[in-house]
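Engineer: For the sequence shown, full-length UniProt numbering gives the first residue as 1, with consecutive numbering after it. Yeah, the Cβ is synthetic: ideal placement off N, Cα and C, and Gly gets one too. This structure is a prediction, so every number in the text was calculated from the model and none was measured.
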Amino acid sequence: MQKHFLCGYEDLAEGESKGYSLGDNSAGLDNVFAVKKDGEVFAYKNVCPHRGINLEWQPDQFLDSEKALIQCASHGALFEITTGECIAGPCAGDALTPVPVEYAQEGLYVLLAD
1 MQKHFLCGYE
11 DLAEGESKGY
21 SLGDNSAGLD
31 NVFAVKKDGE
41 VFAYKNVCPH
51 RGINLEWQPD
61 QFLDSEKALI
71 QCASHGALFE
81 ITTGECIAGP
91 CAGDALTPVP
101 VEYAQEGLYV
111 LLAD
């Protein structure tokens, strides 16, 4: 596993989402996004299981209008924030790929497979 610094604790507000580029995709690094809900941070690879495309059209826009679910901007699929499970849309029953989050004194790290 490779550990990548994501952000400081203050950089991700409660009920907000933010996307992160962890480097050059040709080098095997990934784009991920994180959502803070009830004080906990959930991170996923930024790939819709239905089409294999990024979930957002505009930077850091991963949530529905109520900020209750993750939403794919391309076709409206809805995903649970805490599990990544698709509960509505063409990929219902599939799930986002979770990325483990590690809490450290300086902030949040994500762990990605080598």
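Let me confirm a value: glycine 39 is counted as buried when at least 16 other C-beta atoms fall within 10 Å, else exposed. Which label applies?
Structural biologist: Taking the first residue of the sequence shown as position 1, residue 39 is located at position 39. Label assigned to glycine 39: exposed.
Engineer: In whole angstroms, what separates the C-alpha of leucine 112 from that of glycine 89?
Structural biologist: The residue you call residue 112 lines up with position 112 of the sequence shown. The residue you call residue 89 lines up with position 89 of the sequence shown. One C-alpha to the other measures close to 27 Å.
Engineer: Buried or exposed for residue 124, please, with buried defined as at least 16 other CB atoms from any protein chain shown within 10 angstroms of its CB.
Structural biologist: Here the chain comprises residues numbered 1 to 114, so residue 124 is not present and cannot be evaluated.
Engineer: Within the same chain, show all residues whose beta-carbon is closer than 7 Å to that of methionine 1, passing over the 5 residues directly before and after it, in chain order.
Structural biologist: Locating residue 1 in the sequence shown gives position 1, counting from the first residue. Excluding positions up to five away in sequence, the list reads Leu111, Leu112, Ala113, Asp114.
Engineer: Can you find the residues in the same chain that come closer than 6 Å, C-beta to C-beta, to asparagine 54, ignoring five residues on each side of it along the sequence?
Structural biologist: Reading the sequence shown from its first residue, position 54 is the one you call residue 54. Around asparagine 54: Asn46.
Engineer: Go through the UniProt domain "Rieske" (4 to 110) residue by residue and report every complete run of the beta strand (DSSP E) that reaches 3 residues or more, in order.
Structural biologist: Complete beta strand (DSSP E) runs here, min 3: 17 to 21, 31 to 37, 40 to 45, 69 to 71, 78 to 80, 86 to 88, 101 to 104.
Engineer: So is proline 49 buried or exposed if we call it buried at 16+ other beta carbons inside 10 Å?
Structural biologist: What you label residue 49 is simply residue 49 of the sequence shown in a count that begins at 1. It counts as buried.
Engineer: Count the other CB atoms, across all protein chains shown, that sit within 10 Å of the CB of glutamate 106; report buried if there are 16 or more and exposed otherwise.
Structural biologist: Numbered from its first residue, the sequence shown carries residue 106 at position 106. Classification for glutamate 106: exposed.
Engineer: Quick check: the region 93 to 100 against the region 71 to 85, are at least 3 beta-carbon pairs closer than 8 Å?
Structural biologist: Yes, since at least three Cβ pairs between the region 71 to 85 and the region 93 to 100 fall closer than 8 Å, the two stretches touch.
Engineer: Measuring CA to CA, which of Val101, Glu102, His75 is closest to cysteine 91?
Structural biologist: Along the sequence shown, one-based indexing puts residue 91 at 91. For cysteine 91, the nearest C-alpha among the options comes from His75.
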